[in-house]
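With the working numbering, you'll find the sequence shown wraps up at 341, consecutive numbering, no jumps. Data block below; observations after.
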Amino acid sequence: LREAAQRRDELKDKWRRAAILGLQSAAARGVQDIVTRIIPSRTPQPVDRGVYRSGWRFYPAPYGAVIECFEPHAILIEDGVRAGNVKIGKKMIDALAEWVQRKGIVRGDEARGVAWAIAKSMQRRGIFNKGKGMGILAELVDKYLPGYVEEEVAREVERAGF
C-alpha cells in the first residue's frame, strides 16, 4: 500500500506538470494570436509605432501562465476612455501633434491645430471605440483561449505518457 500511495503521488505530480506546461503553451499561442490575428482585425488598428503590439508577453506562473501587455497605455486601449475622463493638456497636444506629423497628415505649425481638433473630438466621443475599448484580451479569453487550453493540455498530458 505504501508503494501504491507513492506511485499515486508521482502520477499526480506528473499530471500537474503536464497540465502546467499545457497552460503555458496555450498562453504562448494566445500572445501570438493577439499580435497576428486580433490586433490586425481592429479598425482602426491600435498601432502607431508598434509599441503596444510588441508589448504583449506571457510568463510562467506557479499554476499556469499570465498573459499581459506591459505598456502603460494598454489599459486605455483595452477598456477605452469615457469622454468625461479625457482631459486636454499640453502633453496631450504635444503627443497628438507628433502623431499627426508622423502620420503625414500635416506638417509644422498646423499640426498643433489638428492635434487640438483631435483632442476636442476625443473629449466629445471618448477614446478607442467611443470609450468602450477594443477588448483585445477579452476577445482572446472569450473566443480562442479555452480551445487552446484544451488542445495544449491534452497534448502535454499525452506527451507525458497518460
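Quick reminder that beta carbons are idealized off the backbone N, C-alpha and C, glycines included.
- For R187 and I315, the gap between their C-alpha atoms comes out near 41 Å.
- The Cβ atoms of V210 and F249 lie no closer than 8 Å to each other.
- P325: member of the alpha helix (DSSP H) spanning 324-338, first to last residue.
- DSSP places G229 in the coil class of the three-state scheme, outside both helix and strand.
- Residues Y242, G243 of the same chain have their beta carbon placed closer than 7 Å to that of I199, with the five preceding and five following residues left out of the count.
- Here the alpha carbon of I217 sits roughly 30 Å from the alpha carbon of W295.
- In the structure shown, the three-state DSSP call for I306 is strand.
- When only Cα atoms are considered, K193 and E329 end up about 17 Å apart.
- With a 10 Å radius around the Cβ and a threshold of 16 neighbouring Cβ atoms, I284 comes out exposed.
- Distances from the CA of Y231 to each of I213, A207, A253 were compared; the closest alpha carbon is that of A253.
- Relative to G259, the option among Q185, Y327, F307 whose CA is nearest is F307.
- Among the bridge pairs identified by DSSP, W278 is matched with none.
- Under the three-state reduction of DSSP output, E250 falls in the coil class, being neither helix nor strand.
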